[in-house]
Every structure is written in structure tokens, then in C-alpha cells.
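In the working numbering, the protein residues as written are 2 to 643.
Below: one structure, written as C-alpha cells.
The structure is reproduced here in C-alpha cells:
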């Protein structure tokens with residue numbers, strides 16, 4: 002725990018920032034000071050200074066006039082370690098560090114590093130300049146660094162074929178024009194990245210979720226874009242939309258991520274929100290770009306989401322429906338052991354033998370095919386994994402997906418009305434009016450109210466169209482109609498108390514309610530998109546939804562809880578900004594399924610995690626000033642004045 006003395010030091014240091022002591026700068030020997038600091042303060046030897054250390058206090062920084070200044074708090078010591086780590090990475094033998102930087106208020110420090118360091122560290126390009134980093138990719142399981150290029154991208158084929166001549170251990174493969182699930186399965190043992198847009202002999206940049214990633218993920222990118230726009234990085238946000246447009250035009254969809262095994266899988270649809278927000282942030286409006294983006298988004302809407310029998314179901318609502326064959330190859334070894342054991346026993350085989358024969362196709366097992374249809378569709382939803390979706394995703398009209406498509410329809414209506422005089426003609430000559438999209442949105446609202454809204458409970462629920470029943474699973478996704486604007490004022494009045502009652506936790510909004518997990522789970526495996534975990538995209542969407550419907554106090558409290566948790570964990574744990582949190586215990590120490598990206602680093606985190614960074618910047622922008630001051634003092638949510 003951080004002591005009360007630390008709070009007083011924060012207040013004191015903030016008040017006296019202009020004092021001579023606070024303004025002092027120290028010229029330190031980088032390696033020598035860092036070694037001495039670690040010996041004295043990193044008592045558990047994990048190359049971080051955290052509340053789990055027991056340092057000898059105080060640590061003395063030599064002053065140029067011959068005396069020393071005492072540093073006696075974990076947070077300040079970890080800040081000093083981070084500044085020294087940056088200097089060492091820059092090969093500086095000595096470094097000048099100000100007292101103000103060591104005692105920087107935590108919200109200011111986190112936000113500053115996101116804006117000036119993290120976004121750049123998370124940026125990638127697939128081109129001559131950026132390929133060297135990608136060539137060290139750890140997901141190339143067969144040892145060959147491979148890049149797949151669409152058959153329709155003649156510029157990209159030429160560019161990458163030339164690059165192949167320059168680089169060893171780099172293979173360029175041109176995809177067939179028609180990509181089938183059978184083809185994707187055939188290259189699962191030859192994995193590789195999928196090419197993105199080349200423009201002016203350079204790869205169009207994109208932001209990855211975390212430091213170990215080299216691929217652009219679907220819905221992560223929208224939330225990262227929100228943070229980029231707040232931080233004035235319109236260029237990078239626009240570039241990411243450009244890569245989405247490229248994916249629609251050359252792969253037929255916005256990909257789960259640009260990897261070969263995701264070729265048959267999309268992700269939650271956010272492109273209309275993304276390019277609309279980018280366009281509205283432009284100082285000089287690029288109407289030609291807006292036209293290109295709107296054209297691509299309508300194409301995706303029609304070809305990906307509105308194809309009957311696939312992602313469009315018979316009742317007029319939509320589902321996630323990822324095509325594919327066999328076992329999803331991106332999962333870690335043993336992920337499906339329990340499921341496969343059950344199926345293997347039915348066939349009287351050992352698991353390894355069953356898997357081999359199933360993958361080869363010598364065993365035809367429709368029930369296994371169905372399980373993996375649901376599993377791939379679950380992954381397409383972005384919520385991999387959750388008991389809400391386990392073994393039934395492809396049969397669900399989910400609240401989240403249909404809310405997002407309603408937002409598409411309303412965005413199309415608004416954009417065509419505002420920027421195209423009520424009529425827009427696509428590149429293939431199809432004409433759309435704003436009235437057309439208004440009618441589409443109203444039809445969807447009526448269907449969602451018919452199938453997904455439960456008047457008795459005052460909640461939207463996912464609908465199992467095969468069973469003809471609602472799935473009364475309490476999830477953060479049930480509240481997406483607040484963000485999309487689909488809910489009526491009366492519905493919002495019913496929904497908001499339920500959100501607060503069922504999903505508010507110490508550190509923000511839960512992914513799902515504990516009661517729903519207990520009723521649904523078939524084993525003790527903790528799914529990472531369930532209780533007790535919380536994720537940035539849910540927070541960001543529901544904050545905005547609450548504010549849009551006038552529930553300011555509820556929104557501010559939830560924002561404060563989330564930011565307090567992030568800030569406290571960063572203060573206590575050497576600046577850690579991870580992928581997700583346990584919001585019940587308000588900790589980054591998460592041990593579910595895939596671990597927690599962003600927690601493993603030496604001395605200093607250089608990138609945080611994409612949508613976590615964005616949520617922090619958005620939260621600070623939305624939260625009134627007085628609450629930010631309480632965050633710097635680490636005032637607990639229950640004492641913050643809500």
C-alpha cells in the first residue's frame with residue numbers, strides 16, 4: 002500500500018512546483034546510479050521497483066554542490082529507475098534528471114508517456130523500413146517469416162517481391178483471388194502476416210495492441226484511434242482507417258487481424274465511427290477521403306454483414322459467423338484439451354490421434370465442426386473467451402453486434418445528409434439516400450425491441466434464434482444500445498440502475514455478472530471476458546453512452562473507478578499499464594487463459610497497451626478537473642465524493 006506520507010508529498014510537491022528544490026536538476030552517472038538504485042531498492046530482483054520490494058530508505062541522489070537529496074517513496078524511486086532506463090537505452094553515460102520529473106504527479110506522468118512515447122512504440126509499418134522488426138515475429142511457428150499479398154494488389158506484389166530479393170528468410174506469397182476455408186486451412190502450417198497498404202513506396206502505419214504484437218487488430222484499432230485523436234495524432238488515426246479500407250477492398254472484410262489464419266474471420270464493426278471521428282477532427286476536410294471511406298464501409302456492410310444465411314439471419318438481425326475448417330491454430334497448446342478429450346472418447350481414440358485424424362479429414366465429426374464454428378465465431382466477436390458465448394455464438398443475435406450495426410446505419414444516414422446533400426452513389430453505381438439508412442436503422446430498432454428487449458427485466462439480452470429464446474446472461478455488452486443511441490429514454494431509465502447494480506465494481510465495469518458466470522460455466526476455467534475482469538472498450542463505450550443519456554454522475558463515478566485503478570497500479574508497480582484488470586480486486590494481477598499482456602518488462606514499460614492507453618486519455622478528458630486532483634492523491638473511489 003502507498004502510505005499517507007506519499008499523499009502529503011504529492012500535495013506538497015504540486016504546491017511548490019516552482020520552488021528552487023522542485024526545479025533542481027541532477028547530473029547522474031547512468032549505469033552507476035542505476036546499479037546502486039537496484040541494489041538498494043529492487044529487493045526481489047525483478048528489475049522493477051514496486052510495493053512488493055522492501056528497500057533501504059532513503060535513497061540519496063548526489064547534488065552538484067556536494068550534498069545529497071533524499072528520495073524515500075516507492076513511486077519516486079520507480080520513476081527514477083525509469084528515467085535512468087531511458088537514458089541507458091539511449092546509450093547516455095550520464096543524464097540530467099529534474100526533481101520535478103521524479104516527483105511528477107501520476108496522472109500527468111501516465112498521460113504524458115502515452116502521448117509522447119507509447120503510441121510511437123506501438124506503431125508498425127510493413128515496408129522496407131519496418132519489416133526488420135516484423136521479421137523477428139515470434140508467431141512464425143515454422144521459422145519462416147512469410148508475408149501473404151492479395152492477388153488484386155499489383156502495387157503491393159511488385160513492392161514486396163522486390164523486397165524479397167533484398168532480405169533473407171523472407172518469403173512473399175501471392176494469395177489466390179478466391180480465398181476459401183479449405184485454402185486457409187491448407188496454409189495453417191505456413192503462417193504469416195497479411196500485407197497492408199503501400200503508398201508512395203512506404204507502408205501505411207498502424208498501431209498494434211501491445212509491444213509483442215506485429216499485426217493490426219480489428220476493434221482494437223478503433224479504440225486506439227479514439228486515444229490518438231485526443232492526443233492530436235490525426236495522421237496516424239487516418240492511416241489506420243486507410244488500412245481498413247485496404248482490407249475491405251482486397252480481403253473482402255475488416256480482418257480479425259492481418260494474419261493468414263484470420264482470412265475467414267472479421268471483428269466487431271466500428272469503421273463508420275472511426276472514419277467519422279477522424280473526418281470531424283480534420284482541420285482541412287478531405288471530402289474525397291470521406292467519400293472513399295464511406296464507399297468502403299457501405300461495401301463492408303452489404304457484403305460482410307448482410308449476406309443471408311451467413312451473418313444475416315432469418316429474423317433480420319445479425320450474428321457473428323466466422324468461416325473456417327478445423328481447430329483454430331492461434332490458440333495456445335492445450336486450450337481445447339478438455340473439449341477434445343470428450344470427443345476423442347466418443348470415437349475410442351487418444352486425443353492426439355483424434356486431433357490428427359480430424360485435422361486430416363479422415364474423421365468426419367459434425368458435432369466437432371459445430372463446436373469450432375461457435376469457437377471461431379466467438380473469436381470473431383472480439384470476446385475470446387466468455388461463458389456467454391461458449392458453444393452457441395453462431396446461433397446468437399447478440400446485443401453488441403446489432404447495436405454496432407445500428408450505429409453504422411445511423412452514421413451513414415447522418416453523413417449522407419450532412420456532407421452529400423442526402424444522396425450518395427457508390428463506386429459501383431448504387432445510389433443510397435439518407436432516408437434509406439434511416440429506415441434501415443428503424444427496422445433494426447424494431448427487431449431488437451421485439452427479440453432482444455426484455456420489458457420485465459428492463460434489459461436487452463442476446464437472442465438464440467435456433468432455440469427461440471433470450472439468453473439472460475448479464476454482460477456489459479447488453480448496454481451497447483446506450484452507446485449506439487438505440488435505447489429509448491424510458492429503456493435507458495430501466496437499464497442504468499441495472500448496470501450500476503450488476504456490473505459496478507471497485508475498479509470500474511465488469512465484463513459480466515458473477516451470477517451469470519455461476520449459472521452458465523461448465524467448469525472452473527475463468528474466461529477472460531467474464532467476472533471478475535474488466536476491459537477498456539466496455540468502459541469507453543458505456544461512459545459515452547451514460548453521458549449521452551444525461552447520466553453524468555454515474556459516468557463520472559465509473560470513469561473515476563477505472564482511472565483510479567490504472568493510476569494506483571502504475572504508482573505501485575513501476576508504471577505498469579496492462580491489457581486488462583481484475584476490477585473486483587482492482588489489480589493487474591490477472592491469471593486467466595492468456596495471461597496479461599503488458600506486465601512483463603524490465604525497468605520501464607515502453608508501450609503500455611493500446612486500448613488501455615486510449616481509455617486513460619479519454620477518461621481524463623471526460624472527467625471534471627477536481628476528480629483528476631483526487632486521482633493524483635490516490636483517493637479511493639468510496640472517498641472521492643460520489
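A virtual CB, placed ideally from N, CA and C, is assigned to each residue, including glycine.
Keep in mind the model is a prediction, meaning the values are calculated, not measured.
Quick one: what's got a C-beta closer than 8 Å to residue 595's C-beta in the same chain, skipping five residues either side? If you number the chain shown from 1, residue 595 lands on position 594. Excluding five sequence positions before and after residue 595, the CB atoms of its chain that fall closer than 8 Å to its own CB belong to 333 and 529, given in chain order.
Taking the alpha helix (DSSP H) that residue 232 belongs to, which residues open and close that run? Here residue 232 is taken as the residue at index 231 of the chain shown, counted from 1. Where residue 232 is concerned, there is no enclosing alpha helix (DSSP H), given that its DSSP letter is neither H nor E.
Please specify which runs of the alpha helix (DSSP H), each continuous and at least 4 residues long, are wholly inside the region 601–631, giving them in chain order. Listed in chain order, they are 611–623.
Where do the ends of the beta strand (DSSP E) carrying residue 526 lie? By 1-based counting over the chain shown, the position of residue 526 is 525. Segment: none, residue 526 is in no beta strand (DSSP E) and carries neither H nor E.
Identity of the residues DSSP links to residue 1 by a beta bridge: In the structure as shown, the chain starts at 2 and stops at 643, and residue 1 therefore has no counterpart that could be examined.
Compare the Cα-Cα distances from residue 151 to each of 526, 261 and 55 and report the closest residue. The residue labelled residue 151 in the question sits at position 150 within the chain shown. Across the set 526, 261 and 55, the C-alpha of 261 shows the shortest separation from the C-alpha of residue 151.
Residue-level contact to chain C via CB, residue 38, 9 Å cutoff: This model lacks chain C altogether; it includes just one protein chain.
Residue 467 to residue 620, Cα distance in whole Å? For this step, residue 467 is matched to residue 466 along the chain shown. For this step, residue 620 is matched to residue 619 along the chain shown. Approximately 40 Å, taken between the alpha carbons.
Looking at the strands, I want to know which residues DSSP matches up with residue 30. On the chain shown, position 29 is the one that residue 30 refers to. DSSP, once it has assigned bridges, lists 95 as partnering residue 30.
Quick one: what does DSSP say residue 463 is sitting in, helix, strand or coil? Counting from one through the chain shown, the residue named residue 463 turns up at place 462. In this structure, residue 463 counts as strand in the three-state DSSP scheme.
Exposed or buried, what is residue 390 when buried is set at 16 or more other beta-carbons lying within 10 Å of its beta-carbon? The count along the chain shown starts at 1 and reaches residue 390 at position 389. Result: buried.
Within the same chain, show all residues whose beta-carbon is closer than 6 Å to that of residue 2, passing over the 5 residues directly before and after it, in chain order. Numbered from its first residue, the chain shown carries residue 2 at position 1. Confidence at residue 2 is low in this model, with a pLDDT of 39, below 50, so its placement is unreliable and the value that follows should be read with caution. None.
Could you tell me which of 173, 219 and 94 sits nearest to residue 611, measuring between CA atoms? For this step, residue 611 is matched to residue 610 along the chain shown. Among 173, 219 and 94, the Cα nearest to that of residue 611 belongs to 219.
Can you check whether the CB of residue 576 is closer than 9 Å to the CB of residue 147? Within the chain shown, the letter at position 146 stands for residue 147. Within the chain shown, the letter at position 575 stands for residue 576. At a Cβ-Cβ threshold of 9 Å, residue 147 and residue 576 do not count as neighbours.
CB-CB length for residue 305 against residue 267, believed under 8 Å: On the chain shown, position 304 is the one that residue 305 refers to. On the chain shown, position 266 is the one that residue 267 refers to. Cβ-Cβ separation between residue 305 and residue 267: approximately 6 Å, consistent with a contact (criterion under 8 Å).
Suppose you measure from the CA of residue 14 to the CA of residue 97; what does that come to, to the nearest Å? For this step, residue 14 is matched to residue 13 along the chain shown. For this step, residue 97 is matched to residue 96 along the chain shown. Confidence at residue 14 is low in this model, with a pLDDT of 42, below 50, so the placement of that residue should be treated as unreliable; the coordinate-derived value is given next. Their Cα atoms are separated by approximately 19 Å.
Quick one: what's got a C-beta closer than 7 Å to residue 487's C-beta in the same chain, skipping five residues either side? Taking the chain shown and counting its residues from 1, the one referred to as residue 487 is at position 486. Take residue 487, set aside five residues on each side of it, and the residues of its chain with a beta-carbon closer than 7 Å to its own are 404, 407, 446 and 449, in chain order.
Can you list, in chain order, the residues of its chain whose CB lies under 6 Å from that of residue 235, leaving out five sequence neighbours each side? The residue given as residue 235 occupies position 234 in the chain shown. 282, listed in sequence order.
DSSP three-state assignment for residue 457, whether helix, strand or coil: Locating residue 457 in the chain shown gives position 456, where the first residue counts as 1. Coil.
Residue closest to residue 515, alpha-carbon to alpha-carbon, out of 643, 504 and 509: Translated into the one-based positions of the chain shown, residue 515 becomes position 514. Closest by alpha carbon: 504.
Determine the closest residue to residue 341 out of 252, 368 and 223, with distance taken between C-alpha atoms. Here residue 341 corresponds to residue number 340 of the chain shown, with the count starting at 1. That would be 368, whose Cα lies nearest to the Cα of residue 341.
Tell me whether residue 375 is buried or exposed, calling it buried when 16 or more other Cβ atoms sit within 10 Å of its Cβ. Here residue 375 refers to the residue found at position 374 when the chain shown is read from its first residue. Looking at its Cβ environment, which holds 16 or more other Cβ atoms inside 10 Å, residue 375 is buried.
Nearest-angstrom Cα separation, counted from residue 513 out to residue 77: On the chain shown, residue 77 is found 76 positions in, with the first residue counted as 1. On the chain shown, residue 513 is found 512 positions in, with the first residue counted as 1. Taking the straight line from one Cα to the other gives about 36 Å.
Give the DSSP-derived three-state secondary structure of residue 271 in the structure shown. Residue numbering aside, residue 271 sits at position 270 when the chain shown is read from its first letter. The three-state reading of DSSP puts residue 271 in coil, since its state is none of H, G, I, E or B.
Buried versus exposed, by CB contacts within 10 Å (16 or more), residue 428: By one-based count along the chain shown, residue 428 stands at place 427. Here residue 428 is exposed, its C-beta having fewer than 16 other C-beta atoms within 10 Å.
Buried or exposed for residue 491, please, with buried defined as at least 16 other CB atoms from any protein chain shown within 10 angstroms of its CB. As a position in the chain shown, residue 491 is number 490, starting the count at 1. Under a 10 Å Cβ-count criterion, residue 491 is classified as exposed, with fewer than 16 other Cβ atoms of the shown protein chains found around its own Cβ.
Taking a contact to mean a Cβ-Cβ separation below 9 Å, would you say residue 645 touches residue 475 in this structure? Any question about residue 645 goes unanswered here, given that the chain covers just 2 to 643.
Proximity of residue 578 and residue 624 at Cβ, strictly below 9 Å: What you label residue 578 is simply residue 577 of the chain shown in a count that begins at 1. What you label residue 624 is simply residue 623 of the chain shown in a count that begins at 1. For residue 578 and residue 624, no; Cβs fall outside 9 Å.
Where the beta strand (DSSP E) through residue 171 begins and ends: Numbered from 1 along the chain shown, position 170 holds the residue referred to as residue 171. Counted as a single uninterrupted DSSP element, the beta strand (DSSP E) harbouring residue 171 occupies residues 171–175.
Using 8 Å as the cut-off, can you tell me whether the region 68–85 makes contact with the region 31–47, which would need three or more C-beta pairs spanning the two stretches below that distance? Contact between the region 68–85 and the region 31–47 is established, with three or more Cβ pairs separated by less than 8 Å.
So is residue 165 buried or exposed if we call it buried at 16+ other beta carbons inside 10 Å? Here residue 165 is taken as the residue at index 164 of the chain shown, counted from 1. So residue 165 counts as exposed.
Pairs of beta-carbons, one from the region 288–306 and one from the region 352–371, closer than 8 Å: are there three or more? Touching, no.
Whose C-alpha, out of 72, 348, 640 and 587, is nearest the C-alpha of residue 104? Counting from 1 along the chain shown, the entry for residue 104 is found at position 103. Nearest option by C-alpha distance: 72.
Cβ neighbours of residue 122 in the same chain (closer than 8 Å, five flanking residues each side left out): Taking the first residue of the chain shown as position 1, residue 122 is located at position 121. Contacts found: 212, 607 and 608.
Coarse secondary structure for residue 308, derived from DSSP in three states: Numbered from 1 along the chain shown, position 307 holds the residue referred to as residue 308. Looking at residue 308 - three-state DSSP - the assignment turns out to be coil, as it is neither helix nor strand.
For residue 201, count neighbouring Cβ atoms within 10 angstroms of its own Cβ and tell me buried if that reaches 16, exposed if not. The residue you call residue 201 lines up with position 200 of the chain shown. By the 10 Å Cβ count, residue 201 comes out exposed.
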